[in-house]
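Sequential numbering of the sequence shown, starting at 1, is according to the UniProt record's numbering.
Beta carbons are placed, not taken as given, at the ideal position from N, Cα and C, and that holds for glycine.
Please read all numbers here as calculations on a predicted model, not as lab measurements.
What follows is a short report on a single structure.
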Amino acid sequence: MTSVDDEVTLILWHRDDSGSPLYSIDARDAALHNARHFPSINMSSRAYFNASGSPTVLRIDGIRKSEEGMYRCRVEYRRSRTETTDILLTVIGNGCHCFPNTEIYYEEGTYREHPVMI
Numbered sequence: 001m002t003s004v005d006d007e008v009t010l011i012l013w014h015r016d017d018s019g020s021p022l023y024s025i026d027a028r029d030a031a032l033h034n035a036r037h038f039p040s041i042n043m044s045s046r047a048y049f050n051a052s053g054s055p056t057v058l059r060i061d062g063i064r065k066s067e068e069g070m071y072r073c074r075v076e077y078r079r080s081r082t083e084t085t086d087i088l089l090t091v092i093g094n095g096c097h098c099f100p101n102t103e104i105y106y107e108e109g110t111y112r113e114h115p116v117m118i
């Protein structure tokens, strides 16, 4: 279990079993709200991560049917165990015309699979 006073050091978002993350947040040298953000080349103009809210949010603009699948969020802490959450994203229709701003939510401390339908 994560300690309330522990700090997030790294957040990695992956799609399916891809080797490189589609979005990462590096807070090893700064607080989470000042962390460095690294969207992948394919997501650089469409993905945004908001760590100031609760829960934290990864927003993907213009989601596409071809982007549905399993997404994994891995959160590393300074002292606590790493947490991983799997999210099944299902896009209904063509996606980008129905919901131009799609948010994938992650709540700290969850280990179960979260289905998200868009």
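| Between Pro21 and Ile11, what straight-line distance do the alpha-carbon atoms span, to the nearest angstrom? | In the sequence shown, residue 21 corresponds to position 21, counting from 1. In the sequence shown, residue 11 corresponds to position 11, counting from 1. Each residue's alpha carbon lies about 10 Å from the other.
| query | Residues bridged to Gly69 by DSSP? | reply | The residue you call residue 69 lines up with position 69 of the sequence shown. Leu89.
| If Asp26 sits next to Arg36, beta carbons under 8 Å apart, how far is it from one beta carbon to the other, in whole angstroms? | Looking up residue 26 in the sequence shown gives position 26. Looking up residue 36 in the sequence shown gives position 36. Contact holds; Cβ gap of about 5 Å.
| request: Measure from the alpha carbon of Tyr71 to the alpha carbon of each residue in Pro55, Arg28, Asp86, then state which is nearest. | output: By 1-based counting over the sequence shown, the position of residue 71 is 71. Distances from the alpha-carbon of Tyr71 to those of Pro55, Arg28, Asp86 put Asp86 closest.
| query | Terminal residues of the continuous beta strand (DSSP E) containing Ala47? | reply | Residue 47 sits at position 47 when you count from the first residue of the sequence shown. Where Ala47 is concerned, the enclosing beta strand (DSSP E) stretches over 47-50.
| request: Give me the Cα-Cα distance between Tyr48 and Glu76, rounded to the nearest whole angstrom. | output: Numbered from 1 along the sequence shown, position 48 holds the residue referred to as residue 48. Numbered from 1 along the sequence shown, position 76 holds the residue referred to as residue 76. Cα to Cα, Tyr48 sits roughly 19 Å from Glu76.
| task | Assign Ile41 to one of three DSSP states: helix, strand, or coil. | result | Taking the sequence shown and counting its residues from 1, one reaches residue 41 at position 41. DSSP, reduced to helix, strand and coil, places Ile41 within a helical segment of the structure shown.
| message | Measuring only the C-alpha atoms, how far is His33 from Leu89? | response | Indexing the sequence shown from 1 puts residue 33 at position 33. Indexing the sequence shown from 1 puts residue 89 at position 89. In this structure, the straight-line span from the alpha carbon of His33 to that of Leu89 is close to 26 Å.
| request: Return the chain-ordered list of same chain residues with a C-beta closer than 6 Å to the C-beta of Ser40, the five sequence neighbours on each side being excluded. | output: Position 40 of the sequence shown holds residue 40. For Ser40, where only same-chain residues beyond five positions count, the Cβ hits under 6 Å are Leu22.
| query | Taking the beta strand (DSSP E) that Leu10 falls in, what are its first and last residues? | reply | As a position in the sequence shown, residue 10 is number 10, starting the count at 1. 8-15 is the extent of the beta strand (DSSP E) around Leu10.
| Between the CA atoms of Met43 and Gly69 - distance to the nearest angstrom | Residue numbering aside, residue 69 sits at position 69 when the sequence shown is read from its first letter. Residue numbering aside, residue 43 sits at position 43 when the sequence shown is read from its first letter. Near 16 Å, if we compare the C-alpha coordinates of Met43 and Gly69.
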